[in-house]
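One structure is given below, encoded as structure tokens.
Residue numbers (full-length UniProt numbering): 1 to 890.
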């Protein structure tokens, strides 16, 4: 290819570019070559960068000759030279000096009995990452471990400091293949062997689909991705091989799992080390689940042992295998156009008859970015809720990868990522720590700590957040916080990513940055759906769904055809038109819309909604993780922590202002001003305990409700969540009670009499601690019911005033109809009764009311503490029930 001055060369993945590079590392519009006073190359704000002779550039003058790489310094490359220096651009190959052309022998890479074949001139990435051409599952394998390159001969080049090891124990950053070699990747104990050998197959530009088990029927060959430059013969891209792997001579029974020694290893975070056993038995395969964490499914049903027959679908983690003839093959490779989001005739009507969605249909394949736009009241967020399984439609069906999203949610939930409008990371934590907790909660319990940390580093780098690992979420910019929320979802490698108003509140520059990020994510073989009111950068989308008020679809199609359909490209005009005439706009669309595509084969079992599958971390692991996270949240918010630590000290000191020297001992009845000292101190202790307990918890649940709802949707145990809150906040409450009681006993005379425990001070502490603990549960209960944090303060004030009036130490309640019975619901009433009966308050203050709960008897103390324990149990059940019933996020 020869460029003349005045000509330009646009380079990227988009089909409109002059040079189309179909590689995941390359942006839709990557770079441009142009002539000014000399030849220049300019990066077009690509996601992964443009490199000139290994140096990342924004804009640079081209030297006499050199190499341009796109997406990565080892990525797809273009060799160039000024007129007279070299003949033609050389795509993705680097011949040895003086050697024309490229070697004629392809190469085969064998991993765990599986062959991967690559053509001459390819650059192949090996590692544990999903985007790698050859995925390795051994322990210690890096995300991007090595490159297999053809530089006049095949060689393996280490990317990091972990060099592959030869059989003789030697290691090197570059290893020549020669006539064939074996290299060890990863840790000495848990890595795996990879074999490289020249391949002398006869085909040159295609690969053949082959099964993982059995003999496959004839499957048409698929063209290998390639491009041509004028004046040069076609050269292959870096191989994203499309063939299906073969077990060859592997025994009739083999294991599928993430361990490198499995017969068929899968580098999937949802796959257990030994996940399932496949055994050929005549005309079927017997599938046995090996007690895997996330389960094995056949046709959408969780199984332990079952036969797999013709046409059946086997699902393991993110991987779908289909029985075709006498073979077991990957569904995506047997049917490349399969998968993606399919919405057919979606309707949603409220009980009062109001329609929010009206016959909405949409198909979004992997690798596409779809925007859902419309004026207010168009049902955009409702649509987002429906396609993610958050709400059940009243009509129609939503499928992803062939599974009914609502009937098989236990399978598809790990494939769907949802980024709500609210931030779903705790603002008090650093980015890496917040993602680390999420990784522990979401990833399989079998995932080692190093694996989880590697995954966190990967998503941080993937979203361009390097350098912000230890930055608090609250200190990140709006765009960075939104990308952090996206990084959270990428931990589980979802195939469908749905975002609700991701650019809300962002300036135009950050708006563009977020949309470019979504474009890159879609290019990574995901279906990305963005619900948005912003129309500034919709040109980055592959298609747009426009909804009118009432959830009526008025346009579904490419961005470039929208102006012709509406007669204008002014979005204000379009929105005004469809808002004023929703019925007419919908009818016009219905007349012009192409026939809806056929519904894909339904792999959902004909049964009721599936129960949640085994998945993610165990309930115990979740409890421990959540408890540690809760402790870190308390510590990280230094201002709030200072308040919590100072509160018991202040309340203890205030109790000391009660006049008198008797403390909790018998008072002098002749001194009227100090005669009620024990009762007054005890009242202050109990009201203070109620305040300490409620204040530590009353905003906990409502403040992080979006986080809880998202975590619950991906497998969070509600019991683990509730108990972690109770344990950590309860510990804080008991500590505060201890500080307050210690200060009071230091400044006042301790009680002398006891009824159950032979230490009156311990009895008093238990009474105060139980009152504070139950009040903490009351605060959590309030937090579970209110709709916003703003509503908590008025409720807290009413709750404290009720304790003050009805606890019985200041205003008599015994024998007063209605008031007496109402006081039984107050924690302070029973806490005061426990304290009064324990120290014998009626004997210490003869003038006090004769309340039968205050008698100096063991029964009264045990009854009061027992009632507080029953209150605790009931409140825990109520909190759990309320949280369990909350499901909506969008």
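Beta carbons are placed, not taken as given, at the ideal position from N, Cα and C, and that holds for glycine.
Residues near residue i by beta carbon distance below 6 Å, same chain, minus five either side
| i | result |
| --- | --- |
| residue 279 | 253, 286 |
| residue 823 | 806, 813, 829 |
| residue 395 | 347 |
| residue 46 | 27, 30 |
| residue 135 | 267 |
| residue 732 | 696 |
| residue 405 | 389, 398, 412 |
| residue 81 | 65 |
Cβ-based neighbour list, residue i, same chain, cut-off 7 Å, excluding 5 preceding and 5 following
| i | result |
| --- | --- |
| residue 271 | 257, 258, 316, 317 |
| residue 3 | 9, 33 |
| residue 535 | 373, 571 |
| residue 614 | With a pLDDT of 49 at residue 614, under the threshold of 50, the predicted position of this residue should be treated as unreliable, though the coordinate-derived value follows. Excluding sequence neighbours, residue 614 sits near 293, 294, 295. |
| residue 103 | Because residue 103 sits at a pLDDT of 38, beneath the cut-off of 50, its placement in the model cannot be relied upon, and the following sentence gives the value as read from the coordinates. These residues qualify, in order along the chain: 120, 150, 152, 153. |
| residue 626 | 720, 721, 724 |
Cβ-Cβ distance between residue i and residue j below 8 Å
| i | j | result |
| --- | --- | --- |
| residue 494 | residue 378 | no |
| residue 346 | residue 375 | no |
| residue 764 | residue 839 | yes |
| residue 698 | residue 792 | yes |
| residue 403 | residue 397 | no |
| residue 367 | residue 525 | yes |
| residue 137 | residue 164 | no |
| residue 514 | residue 487 | no |
| residue 300 | residue 128 | no |
| residue 856 | residue 753 | yes |
| residue 289 | residue 303 | yes |
| residue 492 | residue 269 | yes |
| residue 116 | residue 109 | yes |
| residue 527 | residue 645 | no |
| residue 786 | residue 702 | yes |
| residue 357 | residue 383 | yes |
| residue 854 | residue 841 | yes |
| residue 185 | residue 178 | no |
| residue 506 | residue 479 | yes |
| residue 523 | residue 13 | yes |
| residue 156 | residue 125 | no |
Strand pairing of residue i, partner residues [DSSP]
| i | result |
| --- | --- |
| residue 684 | DSSP lists no partner for residue 684. |
| residue 256 | 264, 276 |
| residue 781 | The partner list for residue 781 (beta bridge, DSSP) is empty, contrary to what the question assumes. |
| residue 347 | 395 |
| residue 552 | 548 |
| residue 707 | DSSP output for residue 707 lists no bridge partner at all. |
| residue 11 | 19, 31 |
| residue 67 | 79 |
| residue 498 | 418, 529 |
| residue 430 | 472 |
Residue nearest to residue i in terms of C-alpha spacing, selected from the options
| i | options | result |
| --- | --- | --- |
| residue 37 | 621, 18, 52, 60 | 60 |
| residue 298 | 290, 308, 291 | 308 |
| residue 827 | 294, 457, 777, 62 | 777 |
| residue 657 | 644, 638, 683 | 683 |
| residue 558 | 452, 569, 551 | 569 |
| residue 361 | 191, 555, 453, 312 | 555 |
| residue 872 | 789, 779, 567 | 779 |
| residue 561 | 330, 538, 766, 794 | 538 |
| residue 798 | 687, 874, 709, 670 | 687 |
| residue 666 | 709, 749, 744 | 749 |
| residue 783 | 708, 636, 454 | 708 |
| residue 484 | 462, 636, 577 | 462 |
Beta-carbon contacts of residue i that lie in its chain and below 8 Å, excluding the five residues immediately before and after
| i | result |
| --- | --- |
| residue 870 | none |
| residue 884 | 718 |
| residue 187 | 138, 139, 140 |
Three or more beta-carbon pairs under 8 Å between the stretch 645-657 and the stretch 686-693, yes or no? Contact holds: three or more Cβ-Cβ distances are below 8 Å.
Any chance the stretch 466-475 sits against the stretch 130-150, with 3 or more Cβ pairs inside 8 Å? Note that the stretch 466-475 does not touch the stretch 130-150; fewer than 3 beta-carbon pairs, one per stretch, sit closer than 8 Å.
Tell me, please, whether the stretch 412-421 touches the stretch 704-721 by the rule of three or more beta-carbon pairs shorter than 8 Å. Touching, yes, given that three or more Cβ pairs across the two stretches are closer than 8 Å.
Any contact of the stretch 535-548 with the stretch 361-373, i.e. 3+ C-beta pairs under 8 Å? Yes: at least three Cβ pairs fall under 8 Å.
Would the stretch 875-883 count as touching the stretch 719-726 if we require 3 or more Cβ pairs under 8 Å? Short answer: they touch.
Would you check if there are 3 or more beta carbon pairs closer than 8 Å linking the stretch 7-24 to the stretch 69-79? Flag = yes, the stretch 7-24 and the stretch 69-79 touch.
I'd like to know if the stretch 862-876 and the stretch 841-850 are in contact, where contact means that at least 3 CB-CB pairs between them fall below 8 Å. A contact is defined here as three or more CB-CB pairs under 8 Å, and the stretch 862-876 fails this definition with respect to the stretch 841-850.
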